[in-house]
Amino acid sequence: MKKCPACFKTEDNEAVRFCRHCGTELFYPERFGEVNKTIDNTTSIRTRKWCNITKGSKNKSMKIRIEKPSDYPQVECLVKTSFATNADDDGTTHEYLNELRTKSVFIPDLSLVAEKDGKIIGQVVLYKTDITTPNGIKTELLLSPICVHPNYFRQGIARAMIDEALRKAKEMGYNAVFLCGDPKIYSKLGFIPSYKYDIRHITDPTAQWSMARELYKGALAGLSGTIDTI
Ligand SMILES: CC(C)(COP(=O)(O)OP(=O)(O)OC[C@H]1O[C@@H](n2cnc3c(N)ncnc32)[C@H](O)[C@@H]1OP(=O)(O)O)[C@@H](O)C(=O)NCCC(=O)NCCS
Numbered sequence: 016m017k018k019c020p021a022c023f024k025t026e027d028n029e030a031v032r033f034c035r036h037c038g039t040e041l042f043y044p045e046r047f048g049e050v051n052k053t054i055d056n057t058t059s060i061r062t063r064k065w066c067n068i069t070k071g072s073k074n075k076s077m078k079i080r081i082e083k084p085s086d087y088p089q090v091e092c093l094v095k096t097s098f099a100t101n102a103d104d105d106g107t108t109h110e111y112l113n114e115l116r117t118k119s120v121f122i123p124d125l126s127l128v129a130e131k132d133g134k135i136i137g138q139v140v141l142y143k144t145d146i147t148t149p150n151g152i153k154t155e156l157l158l159s160p161i162c163v164h165p166n167y168f169r170q171g172i173a174r175a176m177i178d179e180a181l182r183k184a185k186e187m188g189y190n191a192v193f194l195c196g197d198p199k200i201y202s203k204l205g206f207i208p209s210y211k212y213d214i215r216h217i218t219d220p221t222a223q224w225s226m227a228r229e230l231y232k233g234a235l236a237g238l239s240g241t242i243d244t245i
């Protein structure tokens with residue numbers, strides 16, 4: 016789905032931007048520029064011209080790519096190191112990831128790594144998950160796990176990986192991504208509690224930590240159901 020770099024419009028009229036430095040498509044333009052109301056009250060978007068990856072000049076040489084089987088040992092090491100900083104983690108996330116890769120819900124093209132100077136410094140996985148609705152099962156995506164090497168925390172790497180994973184997911188025809196996570200972090204990454212879309216966690220219908228992000232505006236409108244994000 017190519018976008019016009021001149022007018023920044025897609026066919027469905029959704030504004031998008033490209034990073035002027037590296038060409039990365041900026042998935043959610045409102046995150047990258049100020050939205051201004053003009054005199055006649057229409058909305059214009061004044062964009063920044065670079066993406067999160069380019070913005071962090073420290074990480075100029077970083078690239079985000081699909082994970083390969085030959086990356087698995089390095090990713091396992093990263094997951095162990097990174098999750099060791101999370102007080103709520105039980106130390107088994109690397110085992111969970113190894114098992115996930117063997118299941119039918121795993122989508123290799125939606126398992127991404129961030130690589131810098133030949134080293135893997137971040138990973139994110141989106142895999143298939145079921146929403147139980149009154150009209151049957153609807154399959155969307157769950158984000159888990161995600162981690163960044165502690166030396167690179169708070170440099171926009173998780174954000175850049177999520178933006179890229181969600182861009183690919185949208186291209187593949189998915190509508191929304193769910194996760195179980197800390198609302199303090201994920202609210203900054205465009206997620207809101209899933210019950211606000213009337214998609215409720217099976218054990219806690221108003222859980223703040225069961226979160227969702229639409230891949231386009233209105234993607235979850237009219238849908239209701241339950242999900243198991245853990
Ligand atoms: C959670 C994690 C992936 C975030 O990665 P990161 O690359 O540091 O995140 P980013 O720099 O892209 O930050 C994205 C947003 O989240 C916010 N954020 C990141 N870490 C945060 C924290 N510990 N507390 C509060 N907000 C946080 C940032 O402020 C940023 O928002 P902003 O741009 O509006 O300031 C990383 O801390 C990590 O790997 N933790 C260990 C593993 C883990 O716990 N994974 C998540 C399990 S649910």
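My numbering puts the last residue of the sequence shown at 245; the count rises by one with no breaks. A virtual CB, placed ideally from N, CA and C, is assigned to each residue, including glycine. Everything numeric in this text was worked out from a predicted model, so none of it was measured.
Cα-Cα separation, residue i to residue j
i: K78; j: E130; result: 5 Å
i: E91; j: H109; result: 6 Å
i: L194; j: L157; result: 5 Å
i: P326; j: L204; result: Because the chain here runs from 16 to 245, residue 326 falls outside it and cannot be looked at.
i: L93; j: P160; result: 12 Å
i: I214; j: L141; result: 18 Å
i: Q138; j: L127; result: 6 Å
i: S85; j: L238; result: 39 Å
i: M176; j: D145; result: 23 Å
i: Y111; j: D104; result: 12 Å
i: E82; j: P88; result: 11 Å
i: F98; j: G106; result: 7 Å
i: E49; j: T117; result: Unreliable positioning characterises E49 in this predicted model, as indicated by a pLDDT of 39, which lies under 50. A coordinate reading is not provided.
i: R80; j: I135; result: 10 Å
Distance between beta carbons of residue j and residue i, contact taken as under 8 Å
i: L230; j: K185; result: 4 Å
i: S209; j: A227; result: 4 Å
i: L125; j: A180; result: 6 Å
i: I122; j: K143; result: 7 Å
i: H216; j: S225; result: 4 Å
i: T147; j: T241; result: 5 Å
DSSP three-state assignment for residue i, whether helix, strand or coil
i: D105; result: coil
i: T218; result: coil
i: T117; result: coil
i: Y189; result: coil
i: R14; result: Here the chain has residues from 16 to 245 only, and residue 14 is not among them.
i: L230; result: coil
i: T100; result: coil
i: S85; result: helix
i: S225; result: strand
i: L93; result: helix
Counted within 10 angstroms of its Cβ, other Cβ atoms place residue i as buried (16 or more) or exposed
i: M187; result: exposed
i: S119; result: exposed
i: A102; result: exposed
i: E114; result: exposed
i: D132; result: exposed
i: D219; result: exposed
Min CB distance residue i to chain B below 9 Å
i: S85; result: Any reference to chain B falls outside this structure, which holds one protein chain only.
Margin query: To test your reading of the DSSP string, which unbroken beta strand (DSSP E) runs of 3 or more residues are found completely within the stretch 112 to 166?
Written below: Counting only runs of 3 or more, we get 126 to 131, 134 to 148, 151 to 163.
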